[in-house]
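First up is the structure itself, then whatever we jot down about it.
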Amino acid sequence: ATANIGVVGLAVMGSNLARNLAGREGNTVAVFNRHPDRTRTLTAEHPEAGFVASESYDDFVASLARPRTAIILVKAGAPTDAVISELASRFEPGDIIVDGGNANFHDTIRREADLKASGIHFVGMGVSGGEEGALHGPSLMPGGTAQSYETLGPILRTIAAVAPDGEPCVTHVGTDGAGHFVKMVHNGIEYADMQLIAEAYDLIRRGTGKSPAEIADVFAEWNTGELESYLIEITAEVLRQVDAETGAPLVDVILDEAGAKGTGAWTVQNALDLGVPTSGIAEAVFARSLSSRRAQREAAADLPGPETEWKVDDVDGFIEDVRQALYASKIVAYSQGFDEIIAGAEQFGWDIHKGDIAKIWRAGCIIRARFLNRISDAYAEDPSLVALAVAPYFRDAITGGQAPWRRIVATAAQAGIPTPAFSSSLAYYDGLRADRLPAALIQGQRDFFGAHTYRRVDKPGVFHTLWSGDRSEITIESSN
Ligand code: NBP
489 ATANIGVVGL AVMGSNLARN LAGREGNTVA VFNRHPDRTR TLTAEHPEAG FVASESYDDF
549 VASLARPRTA IILVKAGAPT DAVISELASR FEPGDIIVDG GNANFHDTIR READLKASGI
609 HFVGMGVSGG EEGALHGPSL MPGGTAQSYE TLGPILRTIA AVAPDGEPCV THVGTDGAGH
669 FVKMVHNGIE YADMQLIAEA YDLIRRGTGK SPAEIADVFA EWNTGELESY LIEITAEVLR
729 QVDAETGAPL VDVILDEAGA KGTGAWTVQN ALDLGVPTSG IAEAVFARSL SSRRAQREAA
789 ADLPGPETEW KVDDVDGFIE DVRQALYASK IVAYSQGFDE IIAGAEQFGW DIHKGDIAKI
849 WRAGCIIRAR FLNRISDAYA EDPSLVALAV APYFRDAITG GQAPWRRIVA TAAQAGIPTP
909 AFSSSLAYYD GLRADRLPAA LIQGQRDFFG AHTYRRVDKP GVFHTLWSGD RSEITIESSN
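Following the numbering used here, the numbering of the sequence shown begins with 489 at its first residue and continues without gaps.
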């Protein structure tokens with residue numbers, strides 16, 4: 489046994505993570521893949537890594553020093569279960585199996601519970617940053633027991649991305665499925681952020697007639713300010729790209745049907761289960777669905793739009809309005825995402841430190857952004873903050889940005905430009921700050937057709953109006 493860490497699954501993510509591990513002081517990395525050709529290619533191409541390669545599970549497990557620690561990076565679902573079962577039948581109490589794939593956190597909770605009796609630690613770990621992140625430094629979100637993190641933490645700290653203040657982007661998120669849950673919400677926020685950026689681009693393009701390359705300059709400029717982030721940076725790169733075949737901007741050649749691998753939908757499904765309004769994320773997921781419904785889009789293509797033509801007179805002023813609307817909507821999306829993390833932690837019994845989550849998203853991952861420092865500061869100042877949007881910094885940002893935000897949403901509606909994420913974020917904000925909501929009427933309707941009862945503003949208790957009788961009110965439950 490010579491390796492302190494092993495990797496199972498040597499497709500792009502596993503190979504890159506194994507190379508990242510091997511490049512760090514103190515690590516000897518065992519590698520294994522179901523089909524040995526991948527293992528042979530990896531070891532042949534990277535002799536410098538000093539991999540301990542195996543072509544059977546027996547040899548792989550024998551090559552690991554105790555406590556045996558192996559990271560699985562295979563396709564999520566049944567393949568992950570298959571590998572866990574192979575390892576678990578050979579591992580001993582105290583050994584650690586890490587799943588770095590994009591597992592559903594419910595599966596992670598189940599797997600952890602299944603392995604507990606055998607004394608094997610099972611750690612579901614969110615890995616963000618794609619293949620480049622895996623190679624050069626991902627953001628890592630491990631769950632599992634605190635005990636497993638004692639072994640795992642020091643190894644993970646060597647390979648994680650490093651935030652601007654020198655801190656590695658990894659923390660023990662919480663027990664069992666906490667890491668995969670937080671990774672799921674990370675991806676949901678990523679969907680919202682991407683949709684908001686896409687709406688901003690669409691508004692500028694259709695409102696000002698600027699070319700994609702010119703809009704790339706706008707995004708590059710935005711990337712020097714408070715919106716600075718990986719997604720804004722790559723947006724400029726994508727918009728600047730010219731198609732070699734046609735000479736047209738690449739963005740005009742790419743089919744406008746957005747794909748999805750499911751983590752955005754999971755985020756929304758779980759938000760629904762938890763009763764947390766993540767409307768920005770939901771709109772982003774639905775916007776992708778709508779984009780892919782080609783037959784309906786074609787059938788609806790001649791439906792009427794606004795009758796007056798839209799023209800922006802003050803181009804610079806308009807672009808600045810879009811920037812502010814984007815920033816305010818982004819605050820809402822992140823605020824909603826953190827609300828889901830808080831609700832998930834409560835529901836599943838995880839002690840999640842919100843500020844630490846914001847910190848480990850500052851580098852390595854897809855939503856890395858300057859803005860995340862503000863979120864970790866907000867939670868550091870007030871760990872029991874009820875909503876990010878009310879923290880002083882974000883309150884000021886929204887106060888400054890709300891007029892442009894309203895102008896942009898109103899303009900988009902007038903111009904017939906779909907801005908589901910901008911619009912729903914503003915509606916959420918107005919709902920959040922409303923003194924009275926029409927929910928009172930909904931309670932009245934529910935009581936009318938289903939005797940669902942209501943509470944009153946002026947006295948405690950539960951009441952029902954005899955709608956089909958004399959319409960007098962009866963007390964269902966008095967205050968004591
Ligand atoms: P894939 O998701 O494409 O999976 C391919 C790997 O799974 C190969 O090593 C394959 O082995 C192995 N595998 C399969 Br399929 N069935 C197996 C089985 N029954 N037993 C053992 N191994 C099996 O690889 P990837 O794109 O590198 O992603 C790995 C994981 O990381 C996934 O869960 C993914 O969702 C997650 N992830 C990916 C990214 C990304 O940017 N790509 C980012 C973050 C997380 P074989 O070679 O023998 O067929």
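C-beta: ideal position from N, C-alpha, C; glycine also.
Quick test of your reading: residue i and residue j, contact by CB under 8 Å. State the CB separation rounded to the nearest angstrom.
i	j	result
Gly588	Ile560	6 Å
Met672	Thr755	5 Å
Pro626	Ser616	6 Å
Arg694	Ile896	13 Å between Cβ atoms; not a contact.
Ser606	Ala576	7 Å
Ala816	Trp893	5 Å
Ile840	Ala833	4 Å
Ile854	Leu719	7 Å
Ile886	Val658	Actually they do not touch by this definition, with Cβ atoms about 31 Å apart.
Phe610	Ile643	About 16 Å; that fails the 8 Å criterion.
Thr646	Asn515	7 Å
Val496	Ala558	6 Å
Could you tell me if residue i is buried or exposed, where buried requires 16 or more neighbouring beta carbons within 10 angstroms of its beta carbon?
i	result
Val803	exposed
Pro656	buried
Lys947	exposed
Leu498	buried
Arg943	exposed
Asp761	exposed
Ala891	exposed
Lys842	buried
Gly697	exposed
Ala813	buried
Phe579	buried
Phe910	buried
Compute every distance between the C-beta of residue i and the non-hydrogen atoms of the ligand NBP, then say whether any falls below 7 Å.
i	result
Pro567	yes
His940	no
Met672	no
Ala499	yes
Asn521	yes
Ala748	no
Val495	no
Ser616	yes
Val661	no
Val571	yes
Ala564	yes
Gly588	yes
Arg578	no
Glu797	no
Glu619	yes
Gly631	no
Gly752	no
Leu575	no
Work out the CA separation of residue j and residue i for me, nearest whole Å.
i	j	result
Ala903	Pro794	6 Å
Glu687	Leu778	14 Å
Ala591	Leu640	19 Å
Gly667	Val950	40 Å
Ser864	Asp844	7 Å
Arg507	Ala649	14 Å
Tyr689	Leu914	18 Å
Ile930	Leu920	17 Å
Leu530	Pro765	45 Å
Asp870	His674	22 Å
Ser542	Glu574	14 Å
Arg858	Phe539	36 Å
Phe836	Val670	12 Å
Ala831	Thr907	28 Å
Val706	Gly805	13 Å
Leu552	Glu600	21 Å
Arg556	Asp602	18 Å
Ile819	Arg924	23 Å
Asp681	Arg785	24 Å
Ile685	Ala622	25 Å
Report yes or no: is there a C-beta of chain C within less than 8 Å of the C-beta of residue i?
i	result
Ser544	Although the question refers to chain C, the structure presented lacks it and comprises just one protein chain.
| said: Runs of 3 residues minimum, wholly inside the stretch 607-636: which ones carry the beta strand (DSSP E) assignment? | reply: With a minimum length of 3 residues, the continuous beta strand (DSSP E) runs that stay inside the stretch 607-636 are 609-616 and 627-630.
| field | Segments assigned alpha helix (DSSP H), at least 4 residues, entirely inside the stretch 753-790 | value | Within the stretch 753-790, complete alpha helix (DSSP H) segments of at least 4 residues are found at 767-779 and 782-788, given in chain order.
| task | Note down, one range per segment and in chain order, each alpha helix (DSSP H) of at least 4 residues found wholly within the stretch 903-953. | result | Fully enclosed alpha helix (DSSP H) runs of no fewer than 4 residues occupy 908-921 and 927-938 of the stretch 903-953, in order along the chain.
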